[in-house]
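Chains as they are written, first to last, in our numbering: chain A, 272 to 493; chain R, 10 to 302.
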Amino acid sequence: MKRSTRFSMLLCPMLLCPMLLCATLVALVLCAAPPPIWAAKVGVAAPDFTGTASTGQTFRLADYRGKYVVLEWHNNGCPFVRKHYNSGNMQQLQKQWTGQGVVWFTILSSAPGKQGYATAQEENDYLAKMQAAPTAALLDPTGEIGHLYDAKTSPQMVVINPQGVVIYDGAIDDKPTTDLNDVPGATNYVSLALRQAMAGKQVETPATRPYGCSVKYADATH
Amino acid sequence: MPGGSPSSGVYRALTVGAALLLCAASAKAEATAITHGTLELIARDQWIAAGHTLDLGLLFQLEKGWHIYWINPGDSGEPPRVEWQLPAGLTVGAIEWPVPRRFGTGSIADYGYEDRVLLIVPLHAAPTLAAQQSVRLGAQVKLLVCSHEMCIPGKAELSLTLPIQSQPPAPNTPTAELFAATRKSLPRAAPGNWKFSVTDANDSFVLTANVGRQITQAVFFPLAESQIENAAPQKLVTEKADFRLTLRKSEQLLKPIDRLKGVLALSDDQAFLIDVHIGKAGAVRNSGNGRAK
């Protein structure tokens, strides 16, 4: 077989199959990039889930591909959460970012009978009273979504990019206290990640130790 | 009293009584109520001498089911924070943390203390400090007290009045015994002939140690947050006097770290502060005497 024929036989399938070409290029790019060494949670595809909101509506994460998504683990009795709600900080973040097209899910993973658990009605009342503005508050009393993301504390924040990749996981800011006075001066990691990602830049701080009260899962003794 | 008028006897009794009260009050404070417990600022001795150090202590007594946190609280919680108000010539050192307990099962684990715990803080008096009847030390403590169900933040304003003298007292009180017992149980530096090394095993750190005898249990408490997975079991493998402890890395550990520093607890009252260089997998290096294993 002539060399040129062999060459065109190789090239033709790749050209005819753009996905194969594309995959090859993507694979080359990924191999060239330094892998995230131990951060199992950041830089990977956000696990898909379907949750039921306090309004009764269901929301599936995969439906929001193409948008930034923020997950906020919540327990209204936890003093760390109260710091951000009583100061109006969380509500202001919700309004600011949903106003920019970000989808914001507040997630309640407390088991029934444990602190932070709320019925749909209770959660709706709370959202109204606190003037909170998430896209939806998802009720996760079995802890399925919480365990999927290995959420350890409330608050704990996860930011997902429009490609469905986790770009931030951890604390809401850099002041791990229950003191309202620590809100104004704190560096907010959620806003930082969203601003940097939206500007096409690398997220400076992709993971931090989340601070808060332990999530009150069904099986936990702590 | 024979030979004296009744009023002089009463006067003497009152004076003696007042003196006793003053002596008792010289280094005494009352326990302050905190959420689900009490907190008291105490001193080992009845006075401090210029140029010397006196152990102060924050004595927590917590209700059953409630705990406070260690310097590294673990996955959740917050350690107590103290702000001191001290007169000129007096300074404090850092809290000397006793060996913590690990709380929680499942995917969340914290480090802290329950029941009664004394957090020792050394107080230093400048050599030039003049003897004084009494000085007032103040401590504002911000704390978080948690049960497995909830956390309650709190604040306590503590104070202690202390005389300053030129010579240190002889420690001779029940309080001194409490301090001595706590000091005895604090983690101490590992003996020089013990061998430690840590290798990076991809998703875990493996601590290899030889403490001269076979051990049956070992737990490592890291001083820094976000290095190891706090809830993961620490697998222990013993081979005569050698042992290996596998510590799963934290998911928040994004960058390589050089050293692993923390408390290695071998049994109830055998806890050691270790600070070990982390070598690459396969290159086991001794942090003790420099000899490769």
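Cβ coordinates follow ideal geometry from the N, Cα and C atoms, glycine included.
Please state if the CB of residue j and the CB of residue i are separated by a distance shorter than 8 Å.
i	j	result
P426 (chain A)	F376 (chain A)	no
A457 (chain A)	D445 (chain A)	yes
L232 (chain R)	Q243 (chain R)	no
K270 (chain R)	D212 (chain R)	no
L419 (chain A)	F320 (chain A)	yes
F188 (chain R)	I129 (chain R)	yes
W79 (chain R)	G121 (chain R)	yes
I43 (chain R)	V154 (chain R)	yes
F330 (chain A)	G322 (chain A)	yes
E123 (chain R)	Q386 (chain A)	no
L216 (chain R)	F230 (chain R)	no
K164 (chain R)	V144 (chain R)	no
I77 (chain R)	L146 (chain R)	no
A316 (chain A)	L332 (chain A)	no
Q261 (chain R)	R466 (chain A)	no
Y339 (chain A)	I431 (chain A)	yes
A59 (chain R)	S175 (chain R)	yes
S462 (chain A)	P412 (chain A)	no
L195 (chain R)	E87 (chain R)	no
T449 (chain A)	P162 (chain R)	yes
Assuming residue i and residue j are in contact, meaning their beta carbons sit under 8 Å apart, how far apart are those beta carbons, in whole angstroms?
i	j	result
G348 (chain A)	V437 (chain A)	At roughly 27 Å, the Cβ-Cβ gap does not stay under 8 Å, so G348 (chain A) and V437 (chain A) are not in contact.
K423 (chain A)	I117 (chain R)	5 Å
L398 (chain A)	A408 (chain A)	6 Å
S168 (chain R)	L63 (chain R)	Actually they do not touch by this definition, with Cβ atoms about 16 Å apart.
S239 (chain R)	G83 (chain R)	Note that residue 239 (chain R) is Asn in the sequence shown, not Ser. Right, their Cβ atoms sit about 5 Å apart.
I443 (chain A)	H355 (chain A)	6 Å
A198 (chain R)	F281 (chain R)	7 Å
P131 (chain R)	G98 (chain R)	Not really, about 15 Å apart at Cβ, beyond 8 Å.
M428 (chain A)	G441 (chain A)	7 Å
D54 (chain R)	P178 (chain R)	5 Å
Using a Cβ cut-off of 8 Å, pull out every chain R residue sitting near residue i, in sequence order please.
i	result
K423 (chain A)	D84, S85, S116 and I117
G483 (chain A)	S85
Residue i by DSSP, collapsed to three states: which one?
i	result
S259 (chain R)	coil
M428 (chain A)	strand
P477 (chain A)	coil
W79 (chain R)	strand
H355 (chain A)	helix
P183 (chain R)	helix
P350 (chain A)	helix
H418 (chain A)	helix
S381 (chain A)	coil
S116 (chain R)	coil
N239 (chain R)	coil
N459 (chain A)	strand
A190 (chain R)	helix
N202 (chain R)	coil
W368 (chain A)	helix
A165 (chain R)	strand
N211 (chain R)	coil
Q362 (chain A)	helix
A407 (chain A)	strand
Y335 (chain A)	helix
D64 (chain R)	strand
R53 (chain R)	coil
A233 (chain R)	coil
D396 (chain A)	helix
R466 (chain A)	helix
At 8 Å on the CB atoms, spell out the chain A contacts of residue i, in chain order.
i	result
I161 (chain R)	P350
Please list the partners that residue i has in chain R, where partner means a Cβ-to-Cβ separation under 7 Å.
i	result
K472 (chain A)	Per Cβ cutoff of 7 Å: no residues; K472 (chain A) is ~17 Å from chain R at best.
G456 (chain A)	Chain R residues near G456 (chain A): none, gap ~16 Å exceeds 7 Å.
R331 (chain A)	What R331 (chain A) touches in chain R: nothing, since even the nearest Cβ is about 24 Å away.
K312 (chain A)	E260
S380 (chain A)	Under the 7 Å cutoff, chain R gives no residues; its nearest Cβ is about 11 Å from S380 (chain A).
Quick one: which chain R residues come within Cβ less than 9 Å of residue i?
i	result
R336 (chain A)	Chain R residues near R336 (chain A): none, gap ~24 Å exceeds 9 Å.
A468 (chain A)	Under the 9 Å cutoff, chain R gives no residues; its nearest Cβ is about 17 Å from A468 (chain A).
P477 (chain A)	L263
S462 (chain A)	Going along chain R, no residue has its Cβ under 9 Å from S462 (chain A), so there is no contact; the nearest lies around 19 Å.
Say the cut is 7 Å; is the CB of residue i nearer than that to a heavy atom of the ligand ATP?
i	result
N346 (chain A)	Looking at this structure, you won't find the ligand ATP or any other ligand, since it has none at all.
- At a Cβ cut of 9 Å, what residues of the stretch 254-275 of chain R count as close to chain A, listed as they run along the chain? K258, S259, E260, Q261, L262, L263, K264 and P265
- Query: Taking any Cβ of chain R, which residues in the stretch 382-393 of chain A have a Cβ under 7 Å from it, in chain order?
  - Reply: K385 and Q386
- Task: Return the residues of the stretch 424-449 of chain A that lie within a Cβ-Cβ distance of less than 7 Å from chain R, sorted by chain order.
- Result: T424, G441, P447, T448 and T449
- Short-range partners of chain A found in the stretch 153-187 of chain R, where Cβ spacing is below 8 Å: Answer in chain order: L153, C155, H157, E158, M159, C160, I161 and P162.
- Residues within the stretch 57-88 of chain R neighbouring chain A, beta-carbon criterion of under 7 Å: D84, S85 and E87
- Message: Please list, in chain order, the residues of the stretch 234-245 of chain R that have any C-beta partner in chain A closer than 7 Å.
- Response: Under the 7 Å Cβ criterion, the stretch 234-245 of chain R contributes E234 and S235.
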